[in-house]
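What follows is a set of notes on a single structure, which appears directly below.
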Amino acid sequence: IGQNLHYEETVDSTQKIAHRLAQEGAVEGTVIVAEEQTAGRGRLARKWYSPKYTGVWMSIILRPAIPPQHAPQLTLLAAVAIVQAIQEVTNVLPDIKWPNDILVNNKKLVGILTEMQADVEQVHSVIIGIGINVNQKLEHFDSDIQHLATSLSIEEQKEVNRAALMQAIFLKMESLYEDYLENGFGLVKHLWESYSISIGKRIIARTLKATIEGHAKGITNDGVLLLEDDNGTVHHIHSADIELSS
Ligand code: BTN
């Protein structure tokens with residue numbers, strides 16, 4: 082991962098470029114990284130603010146032989162690799178919040194967006210977009226998200242080397258990915274649950290249809306959250322905003 086690296090100064094979105102390169106046959110492990118994105122995208126059609134020289138904005142192309150419903154496993158794999166890399170390069174100890182946010186003190190540090198090119202049976206490529214707030218100062222964030230977002234340098238109170246962080250992520254991801262292809266999802270699932278702030282705790286999940294409070298028991302092999310309510314019913318949560326219950 083990262084052997085074939087496309088470095089760009091300014092792009093609209095590294096995801097968009099990665100989709101195009103994947104279509105054109107880019108090799109597995111190709112990475113597109115940019116200093117700045119003018120139209121960075123987040124999950125749920127949100128925008129991802131990507132100012133110049135401050136963050137790690139990149140997209141990674143993988144080509145695993147897996148069915149499409151297993152693609153979310155790779156989001157979890159990326160999250161584990163990023164947490165491990167951050168712990169190696171800095172003194173920050175981040176948590177993972179289901180499904181794929183990485184937080185410090187409940188503020189968002191990293192976002193991951195996984196998209197794929199696939200037919201019903203087979204994944205052709207998985208594109209993992211990673212946005213890490215590295216050297217932003219608080220005033221770099223729009224005032225409406227200042228209380229929700231943070232960066233490694235805000236947490237560390239010094240500049241963090243973005244190249245070293247990226248290199249660490251590539252190495253961690255590569256070794257987890259090799260294990261994943263050989264032995265399946267077990268190791269990633271175990272590590273992910275150990276870094277998660279929600280698993281084993283009481284949480285509130287707000288889905289489009291309902292608000293459910295209960296005990297977060299774990300995740301399934303498809304990345305679905307298992308939430309046991311007070312009647313003992315286990316709900317399979319596919320998509321929700323979750324919050325620790327106080
Ligand atoms: C989220 O909503 O939390 C996911 C944010 C993902 C942002 C990254 S930055 C690099 C890549 N290119 C994009 O346009 N988005 C992802």
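If you're matching positions, the sequence shown starts at 82 in UniProt numbering and goes up one per residue. Yeah, the Cβ is synthetic: ideal placement off N, Cα and C, and Gly gets one too.
Per-residue DSSP class, three states only, for W129
coil
Ignore the nearest five residues each way along the sequence and tell me which others in V207's own chain have a CB closer than 7 Å to its CB.
L143, P145, A152, L155, T195, M197
Cα-Cα, which of D310, Q248, A291 is closest to A321?
In terms of Cα proximity to A321, the closest of D310, Q248, A291 is A291.
Can you tell which of D93, E324, V112 has its C-alpha closest to the C-alpha of I209?
V112
Identify whether D93 lies in helix, strand or coil by the three-state DSSP scheme.
coil
Reduced DSSP secondary structure (H/G/I, E/B, other) of W273:
helix
Cα separation between F266 and E309?
Each residue's alpha carbon lies about 23 Å from the other.
Taking DSSP as the reference, what is the three-state secondary structure of H317?
strand
Less than 8 Å separating the beta-carbons of I211 and M139?
Contact check for I211 against M139 passes: the beta carbons are separated by less than 8 Å.
Through-space distance from Y258 to N264, alpha-carbon basis
In this structure, the alpha-carbon of N264 lies about 10 Å from that of Y258.
Counting along the chain, where does the beta strand (DSSP E) carrying N214 start and finish?
204 to 214
Does the Cβ of S131 lie closer than 7 Å to at least one heavy atom of the ligand BTN?
The answer is yes for S131.
Proximity below 8 Å, CB of I278 to CB of L325:
When the beta-carbon positions are compared, I278 and L325 come within less than 8 Å of each other.
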